[in-house]
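Note sheet for the following structure.
In the working numbering, the protein residues as written are -4 to 264.
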């Protein structure tokens, strides 16, 4: 009998053929699974939703990270909210200016599982410049006295404990802890499925930041295959970004950066 993983979200589903279930557990926060699929290698699944696959994780992680990192003139201190697989941190550390990264992940078991099954994604979690905290990201942002150059929100879908990561109160707190050239970026789901969510987040950013934009990436294993990111910048227009040939990427490039910025011109929010 064939086994299929069906990722259901807001009235539609996408499916992957599963060859083998490699890991399955329920943590204090969610169900965590790792499956081997026919076309995309190993896949991390949280509460039935695909988080990453070996084959296309770079399409997500590189676009989440490098657009805001290259928008900032010199990002030295970076905060990552979520991102338990370690892929965002891996991309952040490609930037030679980075001196300190704080990653706040609510579920330690996600990190443990990814270290075991996705070592190529999670390798940077051992970098001595990283402070890894297992706590609520909303609470951390609200209470921290530390300032950051870039804040990246690598969250799960906007349900349950992740819902507050898409709230106005959260983005108010993010703005407060950003420096004068600060940039924040959050994953904001598929535009054709979660358009109302995107509209709210874009409105929040527009009230706070001098510049805000919506940009996109193709992530085949995510529902609909098209994913968005919402970026706010205090001082630099993301179209006027830096270049640095020392940062080696598979997907991101300056040409792609220019091409995907201002998706909101197409997608009115």
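Cβ atoms here follow ideal geometry from the backbone N, Cα and C, with glycine treated the same way.
All values derive from a computational prediction rather than experimental measurement.
Residue 10 - DSSP class collapsed to helix/strand/coil: Three-state result, residue 10: strand.
Is the beta carbon of residue 73 less than 8 Å from the beta carbon of residue 144? In contact: residue 73 and residue 144 (Cβ atoms closer than 8 Å).
Tell me the DSSP bridge mates of residue 212? Note: residue 212 is bridge-paired with 222 in the DSSP secondary-structure output.
Kindly indicate the opening and closing residues of the alpha helix (DSSP H) around residue 1. No alpha helix (DSSP H) holds residue 1; the beta strand (DSSP E) holding it covers -2 to 4.
Could you check what DSSP says for residue 66 in three-state terms: helix, strand or coil? Three-state DSSP puts residue 66 in a helix.
Does the Cβ of residue 16 have 16 or more other Cβ atoms within 10 Å, making it buried, or fewer, making it exposed? Around the C-beta of residue 16, fewer than 16 other C-beta atoms lie within 10 Å, and the residue is accordingly described as exposed.
Would DSSP call residue 58 helix, strand or coil? Helix.
Less than 8 Å between the CB atoms is what I'm expecting for residue 255 and residue 211, so what's the real figure, rounded? With 8 Å as the limit, residue 255 and residue 211 qualify as a contact, their Cβ atoms being about 5 Å apart.
Could you tell me how far apart the beta carbons of residue 58 and residue 224 are, in whole angstroms, since I believe they sit closer than 8 Å? About 7 Å separates the two Cβ atoms, so the contact holds.
Within 10 Å of its beta-carbon, does residue 264 have 16 or more other beta-carbons around it, so buried, or fewer, so exposed? Per-residue confidence for residue 264 stands at a pLDDT of 47, beneath the threshold of 50, marking its modelled position as unreliable; the derived number appears in the next sentence. Taking all protein chains shown into account, residue 264 has 16 or more neighbouring C-beta atoms within 10 Å of its C-beta and is therefore buried.
Indicate the three-state DSSP secondary structure (helix, strand or coil) for residue 35 in the structure shown. Secondary structure at residue 35: coil, using DSSP grouped into helix, strand and coil.
Output the boundary residues of the alpha helix (DSSP H) element that contains residue 117. DSSP places residue 117 in the uninterrupted alpha helix (DSSP H) bounded by 114 to 117.
Are the stretch 110 to 126 and the stretch 71 to 89 touching, with three or more C-beta to C-beta distances below 8 Å? Touching, yes.
Buried versus exposed call for residue 253 [16 or more other C-beta atoms within 10 Å across all chains shown]: Residue 253 comes out exposed.
Report yes if the C-beta distance between residue 214 and residue 54 is below 8 Å; otherwise report no. For residue 214 and residue 54, yes; Cβs fall inside 8 Å.
For residue 101 and residue 35, the rounded distance between their alpha carbons: A direct Cα-Cα distance of roughly 27 Å separates residue 35 from residue 101.
Neighbourhood of residue 137 by C-beta distance below 7 Å, restricted to the same chain and skipping five residues each side: Within the same chain, residue 137 has close Cβ partners 168.
Residues in its own chain within less than 8 Å of residue 6 by CB, not counting five upstream and five downstream? 188.
Candidates -3, 98, 133, 209: which alpha carbon is nearest residue 125's? Ranking -3, 98, 133, 209 by Cα distance to residue 125 puts 98 first.
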